[in-house]
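Worksheet for the structure shown next.
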Amino acid sequence: MEEGDLIFEIHHGGRFKNLNGLIYVGGDTSIHGEGYDRDCMSFIEVESILKSYGYKRGDLVYYKQVGMNLDEGLVQIKTDPNVLKMVDCHKGVESVVLYTVSQEIDSDCIPFTHNLPESVIISGSKRKGKEKCVSNAAGFNRPKLRGIWGRGWPHVR
Numbered sequence: 000m001e002e003g004d005l006i007f008e009i010h011h012g013g014r015f016k017n018l019n020g021l022i023y024v025g026g027d028t029s030i031h032g033e034g035y036d037r038d039c040m041s042f043i044e045v046e047s048i049l050k051s052y053g054y055k056r057g058d059l060v061y062y063k064q065v066g067m068n069l070d071e072g073l074v075q076i077k078t079d080p081n082v083l084k085m086v087d088c089h090k091g092v093e094s095v096v097l098y099t100v101s102q103e104i105d106s107d108c109i110p111f112t113h114n115l116p117e118s119v120i121i122s123g124s125k126r127k128g129k130e131k132c133v134s135n136a137a138g139f140n141r142p143k144l145r146g147i148w149g150r151g152w153p154h155v156r
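Heads up: the sequence shown begins at 0 in numbering that gives the first Met the number 0, then just goes up one per residue.
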C-alpha cells in the first residue's frame, strides 16, 4: 500500500434499522486492507472490492461521511461522480466506511431504495442541510436519456 491510498471498512450482509437511532444490523464487518489509489477510483472498482463480501450487482452501496454518524447522513454510491465525491470527502483520511444492503429487504428494516436522495439525512438531524461534500437530490439536474434497444445493451441517442 502506498501513501495516500484508501482502505475500506466494509459492513456487509446486514440492513439498516432505526432503533432510537439508525444502526446496521445482522451483518459482518471486514477490513479490505488492499490499498486503492484514490485518483483511480470508480464505481466499477468499488463493485469489484465488494464482490468478495457478497455484493451482487444491484445491491445498494453507501459510505459514511467523515465525522458523521449514521443518523447524520449516509451517501449512496451508484455512479462514478458519487465515487469522486466520496474520495474528495476523504482527503487526509485513509479509511472509508462502506455499507452494503441487498435488494431483498426485510419488512422490519428501513427500505433504502434508489428513490432516496444521494445524501440520506434522518429527520431531526442537527446537521440537516449543512453537508460540505454532498448535495441532496434537489441539487442535481439530470437530463433524461432516451434509450434505443438494439442487441443487448441500450444505446443513448
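Glycine is no exception: its CB is placed at the ideal position from the N, C-alpha and C atoms. This structure is a prediction, so every number in the text was calculated from the model and none was measured.
Exercise. Ends of the beta strand (DSSP E) at Leu49?
Worked result: Per DSSP, Leu49 belongs to no beta strand (DSSP E); it is in the alpha helix (DSSP H), 42–50.
Problem set entry | Burial state of Glu103, where buried means 16 or more other Cβ atoms lie within 10 Å | So Glu103 ends up on the exposed side.
Problem set entry | C-alpha gap between Glu2 and Cys39, whole angstroms | Each residue's alpha carbon lies about 14 angstroms from the other.
For this session: State buried or exposed for Thr99, treating a residue as buried only when at least 16 other CB atoms are found within 10 Å of its CB.
Result: Thr99 comes out buried.
Exercise. With contact counted as at least three CB pairs below 8 angstroms, one residue from each stretch, are the region 70–83 and the region 35–54 in contact?
Worked result: Short answer: they touch.
Problem set entry | Terminal residues of the beta strand (DSSP E) in which His24 lies | What sits at residue 24 in the sequence shown is Val, not His. It spans 21–24 - the beta strand (DSSP E) in which Val24 sits, taken as one unbroken run.
Exercise. Got a sec, what are the start and stop residues for the alpha helix (DSSP H) Asn68 sits in?
Worked result: Counting along the chain, Asn68 falls outside any alpha helix (DSSP H), and DSSP gives it neither H nor E.
Exercise. Is DSSP giving Val100 helix, strand or coil here?
Worked result: DSSP places Val100 within a strand segment (E or B) once states are collapsed to three.
For this session: Give me the Cβ distance between Val95 and Phe7, rounded to the nearest whole Å; I'm assuming they're in contact under 8 angstroms.
Result: At roughly 5 angstroms, the Cβ-Cβ gap stays under 8 angstroms, so Val95 and Phe7 are in contact.
Problem set entry | Burial state of Asn114, where buried means 16 or more other Cβ atoms lie within 10 Å | The predicted position of Asn114 is uncertain, since its pLDDT is 41 and thus under 50; a value taken from the coordinates is nonetheless stated next. Asn114 comes out exposed.
Exercise. Cα separation between Gly57 and Lys84?
Worked result: So the alpha carbons of these two residues sit roughly 20 angstroms apart.
Exercise. Using the rule of at least 16 other Cβ atoms within 10 Å of the residue's Cβ for burial, across every protein chain shown, is Glu33 buried or exposed?
Worked result: Classification for Glu33: exposed.
Problem set entry | Reduced DSSP secondary structure (H/G/I, E/B, other) of Asp79 | For Asp79, the three-state secondary structure derived from DSSP is helix.
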